[in-house]
Every structure is written in structure tokens, then in C-alpha cells.
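In what follows, a structure is listed as C-alpha cells, so that the remarks can point back to it.
Residue numbers (my numbering): 2 to 313.
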């Protein structure tokens, strides 16, 4: 909802629209693997796009309670205010739109089916991996970076075994989670009842910045620099932990192999530029966004069905 309007931009979409916003892009990706389906894909595409836009515009609906009191916390550190909440809603909306204008747009009009690179090794469940249903899902998850498609570089063989791969990503995930806890501790130390509460009590950071500076006996600028550094580190390690947890689930499922989950955000000291440190690694995570979009849409279905007034 925009600041100067008292009503949402659009009403909450019906359950049928929410389900269609999920299934139609998947249907396009599925049909892209089948011969002589281009006209069907082109016909389905406008409906897919309209459903996606409707859901995206409804993300800010009051049912999601993106307001001062119940706005979602950022990486577990407090809560955000109304302007930040609107920004988060815009990000969610953009992700849902990208779900439709990414793989759905590309493969609605293509005349050639997606051609992945040969895998360096076979996964534990190769028959499931070879099904059209899985290949369509894999295409949506990998579309943002074209991972393992003909337009990308071939996968480099890994020397790790299946068990070693799982242990490696588990160690990395635990390492990142410990650092998240370490760098979020200062917020708990200076504001345990608001933004630093482990129970997500919430609150705004800027109004209490002066109080924190006064309690510590330092200028507000020092507090701002420290908070920015801690949030940056929490964000960096939050992305790293999300990547490695996703890798554990992917490799553990038996349909992805270790080579498809590259070593990401593990040795930041080796970066030669900010792009190498942040940009390349962040955009690798776009392959996980498809799953995040599905979860977001399923949440919307839950709100619509149950009429819940607060996030679950």
C-alpha cells in the first residue's frame, strides 16, 4: 500500500490465481522440453504473466501485515519500519515478477529445447533426474544464471565423494551460522529489548541510535559505522549459510551433484575486487530464488485460505 493511499493497490488474488502464478511458469518450462508445443506455450504465457503481476501487486496487502508493528525482521536483527517494510514488499514483488519474465518468457517463445551440459558424475537417483518433471523444475531454479545450460561454462569435476560433499557444506553452514550469531550479538548487547531481542520483539533502529550512543559514551557516527559493519557481515554470512544449507538439501536429495553447488563465500580474503567479493556470489544465489518465490506464493495461499491476521 502506498503511503498516500488508504486502500491496497489491488484486492487479494483468489486462490486459483495464486496457484496459477505458481504452476503456469512451471507448465511453460515443462512444455519447453516437449516437441511442437511452441504455440501452446505462447498462448499460456500472457495468462502466466497476468497472474504473476496480480500476485506481485498484492504482496503489500494488509493481510501480510507489513506495517510498523509486525514488519518482518531483517536477518533476525529486530524489525523494520514502514518505509523499509514497503521496500521489502517491493523486493518480494520483483522476485515474483522475475519468476515469470525469466524462464517463462525465455522458453515460451523458443523453438529449441533447453540443452544442459553432461554431468561430471551421475547423481544417486539418475532416473528421477532424467524425468521431464524434474528438468522443468531444475530449469526454473537455474534460469537466472543459466547454470549447467549450453550458454554457461561446463561444470568442473570435483574430487569430493557424496559423503564428503555433504560434510563440506555442513561445516561451511555451521561456520556461517556461528558468525551470524557473533556479529548479531552487539545488537543484543546494546538493545536487548528491541532490535537486539532474540525473540524478534522489533522496533526501529534510528530512534534509539542516540540512546545507544549515549549509553556507550560514543558519537552517533561510531554507532552507525559499527551497526553498518555488523549488518554487512551478518548479511554476507547469512547468504553463505543459505547457500550451503540449500546445497545440503540439494545434494542430499540425490538428484543434484556436488559440482552444481560451487564453493561460494568461503574464502572472502581471496577476492580481488568488490565484484568478486559480493556481486558474483550474490547473483549465484539467484538460482535459489525460484524456491523462495514458490514459498512466498504458498504463504499467500495460506493467508487467503485461513484469513490469518499475522504471519505464521
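For each residue, glycine too, the CB sits at the ideal point set by N, CA and C.
Rounded straight-line distance, which links the Cα of residue j to that of residue i
| i | j | result |
| --- | --- | --- |
| residue 131 | residue 230 | 45 angstroms |
| residue 189 | residue 213 | 12 angstroms |
| residue 248 | residue 257 | 9 angstroms |
| residue 16 | residue 42 | 23 angstroms |
| residue 159 | residue 259 | 7 angstroms |
| residue 85 | residue 218 | Confidence in residue 85 is poor, its pLDDT being 45 and thus under 50, which makes the residue's placement too unreliable to answer from. |
| residue 56 | residue 115 | 28 angstroms |
| residue 1 | residue 118 | This structure leaves residue 1 out entirely; the chain is present only between 2 and 313. |
| residue 110 | residue 120 | 27 angstroms |
| residue 191 | residue 216 | 8 angstroms |
| residue 163 | residue 183 | 31 angstroms |
| residue 141 | residue 35 | 16 angstroms |
| residue 22 | residue 52 | 5 angstroms |
| residue 38 | residue 137 | 14 angstroms |
| residue 20 | residue 222 | 48 angstroms |
| residue 112 | residue 150 | 16 angstroms |
| residue 170 | residue 207 | 37 angstroms |
| residue 253 | residue 264 | 17 angstroms |
| residue 196 | residue 185 | 10 angstroms |
| residue 33 | residue 129 | 18 angstroms |
| residue 124 | residue 194 | 48 angstroms |
| residue 172 | residue 139 | 26 angstroms |
| residue 250 | residue 166 | 11 angstroms |
Secondary structure of residue i, DSSP reduced to three states
| i | result |
| --- | --- |
| residue 199 | coil |
| residue 150 | strand |
| residue 269 | helix |
| residue 225 | helix |
| residue 159 | coil |
| residue 34 | coil |
| residue 165 | helix |
| residue 106 | helix |
| residue 127 | helix |
| residue 253 | helix |
| residue 53 | helix |
| residue 260 | helix |
Beta-carbon contacts of residue i that lie in its chain and below 7 angstroms, excluding the five residues immediately before and after
| i | result |
| --- | --- |
| residue 49 | 25, 26, 29, 101 and 105 |
| residue 45 | 25, 28 and 29 |
| residue 220 | 214 |
| residue 157 | 260 |
| residue 199 | 189 |
Anticipated Cβ contact below 8 angstroms, residue i with residue j, distance rounded
| i | j | result |
| --- | --- | --- |
| residue 168 | residue 238 | Rounded, the Cβ-Cβ distance is 19 angstroms, inconsistent with contact. |
| residue 227 | residue 187 | 7 angstroms |
| residue 271 | residue 240 | About 17 angstroms; that fails the 8 angstroms criterion. |
6 angstroms CB neighbourhood of residue i in its chain, flanking five on each side removed
| i | result |
| --- | --- |
| residue 174 | 242, 245 and 246 |
| residue 126 | 255 and 256 |
| residue 224 | 210, 213 and 214 |
| residue 122 | 258 |
| residue 274 | none |
Strand pairing of residue i, partner residues [DSSP]
| i | result |
| --- | --- |
| residue 117 | 150 |
Beta-carbon proximity list for residue i, same chain, < 8 angstroms, skipping 5 on both sides
| i | result |
| --- | --- |
| residue 178 | 238 and 242 |
| residue 134 | 31 |
Below-8 angstroms beta-carbon distance, residue i vs any chain D residue
| i | result |
| --- | --- |
| residue 37 | In the displayed structure, chain D is absent; only one protein chain is listed. |
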